[in-house]
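What follows is a single structure, written as structure tokens, with notes after it.
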Amino acid sequence: MDHLLWKLDNVVVTPHMAAHSKEAMIAMAVDAANEIIRVKNNQKPLSCVNDDKATQLQSEELYR
Numbered sequence: 001m002d003h004l005l006w007k008l009d010n011v012v013v014t015p016h017m018a019a020h021s022k023e024a025m026i027a028m029a030v031d032a033a034n035e036i037i038r039v040k041n042n043q044k045p046l047s048c049v050n051d052d053k054a055t056q057l058q059s060e061e062l063y064r
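Residue numbers for the sequence shown follow this note's numbering, beginning at 1 and rising by one.
Structure (structure tokens):
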């Protein structure tokens, strides 16, 4: 591979597996738990893919 990114001193190129460190896994679990708590408290999730649906979501719907 002779791509420009490989030659830059200010770029770190890592495989996708770089996110699978112990610290990253803990951070992902904490983030997921915090999102669940937000929804349970009738708050909008911070990391919502379909933002238009987030305002319609209520915690009671999770248990139907």
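Each residue gets a CB set at the ideal place from its N, CA and C atoms; glycine is no exception. The structure presented is a predicted model; accordingly, all values stated were derived computationally and were not measured.
Local conformation of residue i per DSSP, three classes
| i | result |
| --- | --- |
| HIS3 | coil |
| HIS65 | The shown model of the chain, from 1 to 64, leaves out residue 65, and the question about it has no answer. |
| VAL12 | coil |
| LYS40 | helix |
| ASN34 | helix |
Pair within 8 Å by beta-carbon distance, residue i and residue j
| i | j | result |
| --- | --- | --- |
| GLU35 | SER47 | yes |
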